[in-house]
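Reading through the structure tokens given below for one structure.
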């Protein structure tokens with residue numbers, strides 16, 4: 004169905020509304036001047052918006068969603084990777100990337116950028132805060148102008164900057180680090196204690212300190228060790244190995260369950276419910292997008308009114324993986 008000058012709705016269930024709007028895929032929808040929904044199940048809303056992949060959604064002037072199941076929301080927002088989500092003016096998101104904020108960039112695979120000008124440009128990188136930058140694999144920058152530019156590094160606090168791989172930096176120049184209730188923490192310590200050391204670069208370390216309590220503890224431990232037989236050691240080793248395998252299995256299961264739950268919530272939250280058509284023979288539609296903890300859900304629904312006050316309805320929701328949900332039903336009034 005095409006409404007407007009030079010509209011183009013060429014496929015089944017396609018809808019184009021606006022000057023030169025195009026809906027060229029099955030179930031595609033475009034709304035706005037020159038809006039383009041070019042692939043099956045794509046949605047483009049806004050002047051010049053383009054949705055050019057399966058289940059892609061672009062909302063906003065010149066927004067682009069070019070990856071499967073990608074979502075771009077905001078003027079010139081660009082979601083160019085599969086399952087990516089870009090929210091904000093000029094925001095950019097790569098494969099599985101999520102960003103929120105004006106000109107934020109989550110261009111690395113599975114990256115996250117939150118805040119104006121935040122940049123997460125590499126695999127599994129995370130940048131949170133105004134102008135925060137995480138520009139290396141597995142890097143994390145938290146705080147205004149925080150910078151983590153080495154693999155596996157973490158910068159926490161305003162202006163915090165890392166200088167080596169796998170390094171954690173707390174705070175920037177002239178900042179201080181405070182630990183609340185150090186007395187309670189000291190009282191909770193068990194066993195031998197060490198002294199914290201700091202080098203000229205601010206890198207923390209520790210040195211062992213021999214105390215009377217530590218010496219007594221070692222003496223008692225030696226007595227217990229002497230009483231343990233080789234057979235007991237072997238039995239203990241087998242039990243520890245079994246427990247380790249079970250723990251690994253539980254961690255894997257927990258991770259899978261958590262991801263599936265987040266996708267399910269995103270899919271349900273995005274559920275679309277079309278309104279009842281105004282007269283027999285007409286079809287209404289609705290489409291929603293939702294994000295929950297890094298997972299993005301998309302839904303589309305249709306309702307077709309038959310003769311009388313009776314209609315049939317169908318819809319689908321998807322948030323990645325095996326989260327596809329399909330529904331069908333009837334509606335009416337009396």
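In the working numbering, the protein residues as written are 4 to 337.
From the three backbone atoms N, C-alpha and C, an ideal C-beta is built for every residue, glycine too.
(message) Counting C-beta neighbours from all protein chains within 10 Å, is the total for residue 25 16 or more, i.e. buried, or is it exposed?
(response) For the purposes of this step, residue 25 is taken as residue 22 along the chain shown, with counting starting at 1. That one is buried.
(request) Determine the extent of the alpha helix (DSSP H) in which residue 190 is found, giving its start and end residues. (result) Counting from 1 along the chain shown, the entry for residue 190 is found at position 187. Per DSSP, residue 190 belongs to the alpha helix (DSSP H) from 185-190.
(message) Am I right that residue 103 and residue 91 are in contact with their C-beta atoms under 8 Å? What's the rounded C-beta distance?
(response) Reading the chain shown from its first residue, position 100 is the one you call residue 103. Reading the chain shown from its first residue, position 88 is the one you call residue 91. Indeed, because the Cβ distance is near 6 Å, the residues count as touching under 8 Å.
(message) Just to confirm my understanding: we take residue 23, look at its own chain, exclude 5 residues before and 5 after, and list those with CB closer than 6 Å. What are they?
(response) Locating residue 23 in the chain shown gives position 20, where the first residue counts as 1. Hits under 6 Å: 9, 37.
(request) Using alpha carbons as the reference points, say which of 274, 280, 270 lies closest to residue 295. (result) Locating residue 295 in the chain shown gives position 292, counting from the first residue. Ranking the options by Cα distance to residue 295, first place goes to 270.
(request) Let me know the secondary structure DSSP gives residue 181 once reduced to three states. (result) Walking along the chain shown from the start, residue 181 turns up at place 178. Under the three-state reduction of DSSP output, residue 181 falls in the coil class, being neither helix nor strand.
(request) Go to residue 209, then tell me how far its beta strand (DSSP E) extends in each direction, as first and last residue. (result) Taking the chain shown and counting its residues from 1, the one referred to as residue 209 is at position 206. Counting along the chain, the beta strand (DSSP E) containing residue 209 begins and ends at 207-211.
(request) Output the distance between the C-alpha atoms of residue 173 and residue 159, rounded to the nearest integer angstrom. (result) Here residue 173 refers to the residue found at position 170 of the chain shown. Here residue 159 refers to the residue found at position 156 of the chain shown. Answer to the nearest angstrom: the Cα atoms are 5 Å apart.
(request) Report the residue from 105, 34, 111, 292 whose alpha carbon sits nearest the alpha carbon of residue 98. (result) Locating residue 98 in the chain shown gives position 95, counting from the first residue. Minimum Cα distance to residue 98 is reached at 111.
(request) Could you tell me whether the region 133-143 touches the region 112-125, where touching means 3 or more Cβ pairs closer than 8 Å? (result) yes
(request) Along the beta strand (DSSP E) that carries residue 302, what are the first and last residues, could you check? (result) Residue 302 sits at position 299 when you count from the first residue of the chain shown. Where residue 302 is concerned, the enclosing beta strand (DSSP E) stretches over 298-308.
(request) Could you please give the first and the last residue of the uninterrupted beta strand (DSSP E) stretch that includes residue 29? (result) As a position in the chain shown, residue 29 is number 26, starting the count at 1. Element bounds for residue 29: n/a, residue is neither H nor E.
(message) Could you tell me which whole beta strand (DSSP E) segments of length 3 or greater appear in the region 89-142?
(response) 101-103, 115-117, 129-131
(request) Name the two residues that bound the continuous beta strand (DSSP E) containing residue 173. (result) Numbered from its first residue, the chain shown carries residue 173 at position 170. In the DSSP assignment, residue 173 falls within the unbroken beta strand (DSSP E) covering 171-173.
(request) Could you pull the start and end residues of the beta strand (DSSP E) that residue 330 belongs to? (result) As a first step, residue 330 must be located in the chain shown, where it is residue number 327. Element bounds for residue 330: 328-335.
(message) Tell me the DSSP secondary structure of residue 313 in three-state form.
(response) By one-based count along the chain shown, residue 313 stands at place 310. Strand.
(message) Going by DSSP in three states, residue 238 sits in which element: helix, strand or coil?
(response) Here the question's residue 238 lines up with position 235 in the chain shown. Correct three-state label for residue 238: helix.
(request) Would you mind working out which of 178, 5, 30, 175 sits nearest residue 15, comparing C-alpha positions? (result) By one-based count along the chain shown, residue 15 stands at place 12. For the residues 178, 5, 30, 175, the minimum Cα distance to residue 15 belongs to 30.
(message) Tell me which residue opens and which closes the beta strand (DSSP E) that residue 291 is part of.
(response) Start at 1 with the first residue of the chain shown, and residue 291 comes out as number 288. Counting along the chain, the beta strand (DSSP E) containing residue 291 begins and ends at 286-295.
(request) Could you tell me the boundaries of the beta strand (DSSP E) in which residue 197 lies? (result) Position 194 of the chain shown holds residue 197. Its beta strand (DSSP E) spans residues 197-201.
(request) Can you grab the Cα-Cα spacing for the pair residue 305 / residue 282, in whole Å? (result) Walking along the chain shown from the start, residue 305 turns up at place 302. Walking along the chain shown from the start, residue 282 turns up at place 279. Between residue 305 and residue 282, the C-alpha separation is close to 15 Å.
(message) For residue 95 and residue 81, which I take to be in contact (beta-carbon distance under 8 Å), what is that distance rounded to the nearest angstrom?
(response) The residue given as residue 95 occupies position 92 in the chain shown. The residue given as residue 81 occupies position 78 in the chain shown. The pair is a contact, with the Cβ atoms about 5 Å apart (cut-off 8 Å).
(request) Determine, using beta carbons only, whether residue 146 and residue 132 come nearer to each other than 8 Å. (result) As a first step, residue 146 is located in the chain shown; it is residue number 143 there, counting from the start. As a first step, residue 132 is located in the chain shown; it is residue number 129 there, counting from the start. Yes, these two residues count as a Cβ contact at 8 Å.
(request) Indicate whether the contact test is met: 3 or more Cβ pairs, each with one atom in the region 284-300 and one in the region 70-77, closer than 8 Å. (result) yes
(request) Assign residue 66 to one of two classes, buried (16 or more other C-beta atoms within 10 Å of its C-beta) or exposed (fewer than that). (result) Taking the first residue of the chain shown as 1, we reach residue 66 at position 63. Taking a 10 Å sphere around the C-beta of residue 66, we find 16 or more other C-beta atoms and assign the residue as buried.
(request) Use the C-beta contact count for residue 236: other C-beta atoms within 10 angstroms, 16 or more gives buried, fewer gives exposed. (result) Walking along the chain shown from the start, residue 236 turns up at place 233. Residue 236 comes out exposed.
(message) Given a cut-off of 8 Å on the beta-carbon distance, is the pair residue 275 and residue 302 in contact?
(response) As a working mapping, residue 275 is identified with position 272 in the chain shown. As a working mapping, residue 302 is identified with position 299 in the chain shown. In contact: residue 275 and residue 302 (Cβ atoms closer than 8 Å).
(request) Could you check what DSSP says for residue 14 in three-state terms: helix, strand or coil? (result) Locating residue 14 in the chain shown gives position 11, counting from the first residue. Reduced to three states, the DSSP call for residue 14 is coil.
(message) Quick check on residue 8: does DSSP put it in helix, strand or coil?
(response) Residue mapping note: residue 8 aligns to position 5 of the chain shown, counting from 1. In this structure, residue 8 counts as coil in the three-state DSSP scheme.
(request) Confirm, please, whether the CB-CB distance from residue 63 to residue 52 is below 8 Å. (result) In the chain shown, counting from the first residue as 1, residue 52 sits at position 49. In the chain shown, counting from the first residue as 1, residue 63 sits at position 60. Yes; because the gap between Cβ atoms is below 8 Å, this pair is in contact.
(request) Go through its chain and collect everything with a Cβ distance to residue 335's Cβ below 6 Å, but skip five positions before and after it. (result) Looking up residue 335 in the chain shown gives position 332. Correct list, in chain order: 312, 313.
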